[in-house]
Ligand SMILES: [Zn+2]
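Numbering (my numbering), first residue to last: 208 to 351.
As structure tokens, this is what we get:
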């Protein structure tokens with residue numbers, strides 16, 4: 208399944224992708240396909256982590272991020288910002304954009320009691336998730 212369609216990208220942007228990225232798109236599509244297969248059993252969350260993608264494709268993380276931005280542009284994935292406790296690494300919340308990140312967030316994961324983590328304190332992980340459109344497309348393609 209060609210999720211990231213280069214012809215379409217080129218039409219929309221009236222420009223070509225840098226050759227370095229272009230070369231990686233077939234592998235990216237393969238990675239997405241496997242991730243979609245996995246997401247069928249591991250519902251409801253199928254996060255694509257930039258550093259994992261980088262490892263799989265043997266590229267650096269900046270390049271993996273660039274590929275994910277292109278994929279976002281193509282409507283394949285959407286970014287999610289995960290807020291984590293800086294001490295326990297526990298998941299505290301999920302936000303759509305940097306602007307949505309809270310000034311402080313409540314954290315129940317401490318033996319000493321509950322804590323409040325400020326924006327300078329908590330950790331943020333950027334992950335990507337398949338859009339509902341892509342998930343529907345995948346389910347349809349695999350039903351018939
Ligand atoms: Zn905490």
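The beta carbon of each residue, even a glycine, is placed where N, CA and C say it ideally should be.
Between residue 236 and residue 279, the alpha-carbon positions lie close to 13 Å from each other.
Going by DSSP, residue 323 is part of the beta strand (DSSP E) stretching over 322 to 325. One Cα belongs to residue 273, the other to residue 321, and the distance between them is close to 38 Å. For residue 284, the pairing in a beta bridge is given by DSSP as 337. In this structure, residue 258 sits near residue 268, with a CB-CB distance shorter than 7 Å.
Residues with their Cβ less than 7 Å from any non-hydrogen atom of ligand 1, running along the chain, are 292, 293, 294, 295, 297, 314, 316, 317, 322, 324. Two segments are said to touch when three or more pairs of C-beta atoms, one from each, lie closer than 8 Å; by this definition the region 302 to 316 does not touch the region 336 to 351. The criterion of a C-beta distance shorter than 7 Å is satisfied by residue 336 and residue 287.
In the DSSP annotation of this structure, residue 313 is not part of any alpha helix (DSSP H); the continuous beta strand (DSSP E) holding it starts and ends at 311 to 314. One Cα belongs to residue 295, the other to residue 324, and the distance between them is close to 12 Å.
In the three-state reduction of the DSSP assignment, residue 232 falls in the helix class. If you draw a 10 Å sphere on the C-beta of residue 326, you find fewer than 16 other C-beta atoms in it, and that means exposed. Looking at the DSSP output, residue 296 sits in no beta bridge, so it has no partner there. Apart from the 5 residues on each side of it in sequence, residue 231 sits with its Cβ closer than 8 Å to the Cβ of 264, 266, 270, 274 in its chain, given in chain order.
In this structure, the beta-carbon distance from residue 289 to residue 332 falls below 7 Å.
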